[in-house]
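Peer 1:
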Amino acid sequence: MSRVRLLERDEAPVHARSIYAADGSASPLKRSLANAPDLLETLLPFLGQIFDEGAVDLPTKELVVVRVSQLNACRYCLAAHRPLALELGTPAEHIAVACNELPASSLPAREGAILEWVDRYVADPHSIDDDLVARLLDHVRDDQLIELSLLIGATQLLNQYCTAFQVPPPN
Amino acid sequence: MRDALENAVAEGRCGNRLWLYATYHCNLACVYCLTESRPGIANRRALGREIMVRAATDARDLGFTCLGVTGGEIFMLQDAAETIAELGGILPTVVLTNGTLFTERILTRLEPLAGSVVALQISLDSPEASHNDALRGPENFARVATAVPALLERGIRVRIATTVEDQTEDELSRLCELHRSWGISDDDHLVRSVVRRGRAALEDMGVEPGPMDILPELTLTADGAFLHPFAPTVRHGVTDLDLLVSRQINPLEAAVSRFLRVVADQPVGTDVARNIR
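Here the protein sequences come in this chain order: A and B.
Residue 61 in numbering that gives the first Met the number 0 sits at position 62 of the first sequence; the count goes up by one each step and never skips.
Residue 223 in numbering that gives the first Met the number 0 sits at position 224 of the second sequence; the count goes up by one each step and never skips.
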């Protein structure tokens, strides 16, 4: 059971109502965030910029989100993003690796390096060495690496939030 | 920001008063209470003197021209008299109180309000003690009938507020005779409906306010800033957020900015059909 109120549209503060769809629906995450409408004004555009397609393609971004959520054991984000990753074109085998269902050795070099970056970034950024950076920069530009790293941080933020508040996973 | 607020007030989109919910704690448990205030409430959510004074100062700078203090019952707070005097030194202030806590000691501490721009607005719902007390609590009528003359004798302005639910016309006429006998004019007698929110909604009392029935007046509580003083209602211990404007109340400018964005959607010349103020 959620530790924060999940507001229906007609219960939500005036400034938060725009996050609900025309039929009044919204994800449990958004319904919980509606309790803090002031923060939504900056949080949602920020998350939108980080999670939407930017310098990095969406299948790669979703692979990263799933891996971070797996590392943090976030039920909500795995339930939301695993199907979304598939829908957006992330290969099923890559998702299976991100969810520890297949060995990392089965990944192409680019995705392998990205997931290694994710693992070290989440576990201990001090463990990142120049060799890993060099291998990554064979596959992604530095601005893309920045974008992926901010995506890792934003995903961690939501993982921790959803887990701590026990936000129920979306159907 | 000041110009925007003054324009919104001039156009009738909102009021010029800033409301402060001093506390949700109360010595009474009125059947129609919007906030489920009562004795022994666990989470009193008092704003505190420092925050109220800062909000009042900011309000004056931003173009508000008067204050309202409500609750809960402000005289449940130890420093209520001094806080009210300080607020009155910043802007004209009306203080809503149930009028039942005016001991000699508190009356003495209120004496600096004599002849000031502060008015105490005391709730009284019927000239019949039994009916009034059924709505507001045991011995309420007797305490109010004692307090009002005592305040007036000290030169403190008193208004009477009557919340209408099932009173008869005759009963209301006799209530007017009573306040006139105390020297309180009809201009200082406010009659309004019970609003069907909070405990009143649970008790199936009052009128359902339409979107245009209540003039927006920025209202600060410990839970945030709301659209009007009838907005921060409580049901089953949970604050309604449907009319929350901002969680941020300090500095006041942040809340005013969001408030103005909401009232921008109000029609020009908004009037309030039910005089719910």
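Note that beta-carbon positions come from the ideal geometry of N, C-alpha and C, so glycine has one too.
1) Would you decide whether A:Leu136 is buried or exposed? Buried here means 16 or more other CB atoms lie within 10 Å of its CB.
2) For B:Val244, collect the residues of the same chain with a Cβ closer than 8 Å to its Cβ; drop the 5 residues on either side in sequence, then sort them by chain order.
3) Does the beta-carbon of B:Trp181 have 16 or more other beta-carbons within 10 angstroms, so that it is buried, or is it exposed?
4) Where DSSP assigns a beta bridge to B:Trp18, which residues make up the other side?
5) Taking buried to mean at least 16 other C-beta atoms within 10 Å of its own C-beta, is B:Ser184 buried or exposed?
6) What's the call for B:Pro231, buried or exposed, on a 16-neighbour Cβ count within 10 Å?
7) Give me the chain B residues within the contact set of A:Ala35, using Cβ-Cβ distance strictly less than 8 Å, ordered along the chain.
8) From the DSSP output, in three-state form, read off B:Val261 for me.
9) State the DSSP-derived secondary structure class of B:Thr167, mapped to helix, strand or coil.
10) For the structure I just gave you, are there three or more beta carbon pairs, one from the segment 6-22 of chain B and one from the segment 129-145 of chain A, closer than 8 Å?
11) With burial defined as no fewer than 16 other Cβ atoms inside 10 Å of the residue's Cβ, what is the status of A:Pro180: buried or exposed?
12) With a cut-off of 8 Å on the beta carbons, I'd call B:Pro137 and B:Glu170 a contact; round off their distance for me.
13) Does the Cβ of A:Asp37 have 16 or more other Cβ atoms within 10 Å, making it buried, or fewer, making it exposed?
14) Identify whether A:Leu39 lies in helix, strand or coil by the three-state DSSP scheme.
15) Over what stretch of residues does the beta strand (DSSP E) that includes B:Thr278 continue unbroken?
16) Given a cut-off of 8 Å on the beta-carbon distance, is the pair B:Leu119 and B:Ile89 in contact?
17) Tell me, to the nearest whole angstrom, how far the beta carbon of A:Val96 is from that of A:Leu77; I am working on the premise that it is less than 8 Å.
18) Report the residues of the segment 2-27 of chain A with a CB closer than 8 Å to any CB of chain B, ordered along the chain.
19) Within 10 angstroms of its Cβ, does B:Asn97 collect 16 or more other Cβ (buried), or is it exposed?
20) Would a check of beta-carbon distances place B:Val261 closer than 8 Å to chain A?
21) B:Tyr31 and B:Thr162 - do their beta-carbons sit closer together than 8 Å?
22) Which residues in the same chain as B:Ala149 place their Cβ atom closer than 8 Å to its Cβ, once the five residues preceding and following it in sequence are excluded?
23) Helix, strand or coil: how does DSSP classify B:Leu189 here?
24) Starting from B:Leu27, find everything on chain D with Cβ-Cβ shorter than 8 Å and list it in chain order.
25) Identify the residues that DSSP records as bridge partners of B:Gly154: which are they?
26) Exposed or buried, what is B:Met204 when buried is set at 16 or more other beta-carbons lying within 10 Å of its beta-carbon?
27) Consider the Cβ of B:Asp132: report whether some Cβ of chain A lies at a distance smaller than 8 Å.
28) Where do the ends of the alpha helix (DSSP H) carrying A:Ser148 lie?
29) So, does the CB of B:Leu33 fall closer than 8 Å to a CB anywhere in chain A?
30) Which of the three DSSP states, helix, strand or coil, is assigned to B:Arg234?
31) Could you check what DSSP says for B:Ile183 in three-state terms: helix, strand or coil?
Peer 2: By the coordinates alone:
1) Under this definition A:Leu136 is an exposed residue.
2) Leaving aside the five residues that flank B:Val244 on each side, the residues in its chain whose CB is nearer than 8 Å to its CB run, in chain order, Leu217, Gly223, Ala224, Phe225, Leu226, Ala254, Arg257, Phe258, Val261.
3) Answer is exposed; the Cβ neighbour count stays below 16.
4) Its beta-bridge partners are B:Gly67, B:Thr218.
5) Of the other Cβ atoms in all chains shown, fewer than 16 fall within 10 Å of the Cβ of B:Ser184; this residue is therefore exposed.
6) Under a 10 Å Cβ-count criterion, B:Pro231 is classified as buried, with 16 or more other Cβ atoms of the shown protein chains found around its own Cβ.
7) Chain B residues near A:Ala35: Arg246.
8) Helix, per DSSP.
9) Collapsing the DSSP output to three states places B:Thr167 in coil.
10) No, because fewer than three Cβ pairs between the segment 6-22 of chain B and the segment 129-145 of chain A fall closer than 8 Å, the two stretches do not touch.
11) Residue 180 of chain A is absent from the structure shown; chain A starts at 0 and stops at 170.
12) Going by Cβ atoms, the distance from B:Pro137 to B:Glu170 rounds to 20 Å, so no, they are not a contact pair.
13) That one is buried.
14) Helix.
15) Only positions 0 to 276 of chain B appear in this structure, which leaves residue 278 of chain B out of reach.
16) Result no, Cβ atoms of B:Leu119 and B:Ile89 do not sit closer than 8 Å.
17) Not quite, the Cβ-Cβ distance comes to about 14 Å (not below 8 Å), so this is no contact.
18) Residues passing the 8 Å Cβ filter: Arg4, Leu6, Asp9, Glu10, Ala11, Pro12, Val13, His14.
19) With 16 or more other Cβ atoms within 10 Å, it is buried.
20) Yes, because at least one Cβ of chain A sits closer than 8 Å to the Cβ of B:Val261.
21) Against a cut-off of 8 Å, the Cβ pair of B:Tyr31 and B:Thr162 comes out as a contact.
22) Contacts found: Phe101, Leu106.
23) B:Leu189: strand per DSSP, three-state reduction.
24) Any reference to chain D falls outside this structure, whose protein chains are A and B.
25) Looking at the DSSP output, B:Gly154 sits in no beta bridge, so it has no partner there.
26) Here B:Met204 is buried: its Cβ has 16 or more other Cβ atoms, across all protein chains shown, within 10 Å.
27) So, not an interface residue.
28) Annotation: the continuous alpha helix (DSSP H) that includes A:Ser148 extends over 141-163.
29) Taking 8 Å as the CB threshold, B:Leu33 stays off the interface with chain A.
30) Here DSSP, grouped into helix, strand and coil, assigns B:Arg234 to strand.
31) It is coil, neither helix nor strand.
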